[in-house]
Ligand code: SAH
Ligand code: MG
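Residue numbers (my numbering): 221 to 442.
Okay, structure coming up:
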């Protein structure tokens, strides 16, 4: 019997081969590699998931924490109406520079604002014209608590907060005390389960390049 990893990879290739894809996404990945930027973006399946959430919410106002090269940003921005807005926060100027080029090439520059700097500072200074429909948190993981609390205070009822990378390749299940990363993600999840469990779920996803069972936490704002 073939192992599950092989099955996951084949199934993801099946999805990828069967669903139409814009060449912009491959261009982003090639350019990310060429510029020595880490390839830690969401997968194509996760990009489609984010796009669907934007569409179902009828979202007009989105904040993303952690832009990288703009890969997840393009999936979300393209699903916005012409007068919608994605504000995306990035600490690394090199990442933000590529993201700016990416949003222009993807034809969504008019809908996207990239703010360069530590996200906690950018969020504190942000003046929003309307409550947010969606916040996507995908930056420095120890700040997840802070970002989630900020999001809950700036969203419309029925909006969604999505937090990426909450399964740590399964290490959340039995993180040993010397696994600081796994333990901190586990502590974050447990806190959300205890406080917001009725409003939350985790959707597992697989990342074949990293052989990583990862997931996205989704919290509905009451
Ligand atoms: N959402 C992107 C991936 C983001 S990777 C996608 O899926 O396409 C995480 C990004 O967060 C990196 O580019 C990193 O530079 C940025 N980052 C890390 N700490 C940050 C901070 N404190 N403030 C803002 N950005 C930060
Ligand atoms: Mg991520």
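Heads up, the beta-carbon is just placed ideally off N, CA and C, and yes, glycines get one too.
Given a cut-off of 8 Å on the beta-carbon distance, is the pair residue i and residue j in contact?
i: residue 322; j: residue 285; result: no
i: residue 258; j: residue 245; result: no
i: residue 385; j: residue 434; result: yes
i: residue 331; j: residue 304; result: yes
i: residue 260; j: residue 288; result: yes
i: residue 438; j: residue 380; result: yes
i: residue 392; j: residue 405; result: yes
i: residue 232; j: residue 424; result: no
i: residue 400; j: residue 412; result: no
i: residue 271; j: residue 299; result: yes
i: residue 414; j: residue 403; result: no
i: residue 342; j: residue 309; result: yes
i: residue 209; j: residue 282; result: Summary: the structure shown does not reach residue 209, with the chain confined to residues 221 through 442, and so no result is reported for it.
i: residue 340; j: residue 366; result: yes
i: residue 319; j: residue 290; result: yes
Which residue or residues does DSSP assign as beta-bridge partners of residue i?
i: residue 440; result: 380
i: residue 307; result: 283, 333
i: residue 413; result: Per DSSP, none; premise fails for residue 413.
i: residue 425; result: 434
i: residue 420; result: 439
So for residue i, helix, strand or coil by DSSP?
i: residue 321; result: helix
i: residue 385; result: coil
i: residue 402; result: helix
i: residue 360; result: coil
i: residue 227; result: helix
i: residue 340; result: helix
i: residue 284; result: strand
i: residue 432; result: strand
i: residue 300; result: coil
i: residue 265; result: helix
i: residue 260; result: coil
i: residue 246; result: helix
If we ignore side chains and look at the alpha-carbon of each, how far apart do residue i and residue j end up?
i: residue 316; j: residue 334; result: 7 Å
i: residue 372; j: residue 441; result: 7 Å
i: residue 436; j: residue 356; result: 10 Å
i: residue 417; j: residue 382; result: 14 Å
i: residue 348; j: residue 430; result: 37 Å
i: residue 422; j: residue 235; result: 21 Å
i: residue 226; j: residue 426; result: 12 Å
i: residue 410; j: residue 398; result: 18 Å
i: residue 328; j: residue 302; result: 9 Å
i: residue 223; j: residue 432; result: 15 Å
i: residue 249; j: residue 292; result: 11 Å
i: residue 314; j: residue 326; result: 19 Å
Query raised in the report: Who sits around the ligand MG, taking every residue whose Cβ is closer than 5 Å to one of its heavy atoms?
Result: Those residues, listed in chain order, are 358, 384, 385.
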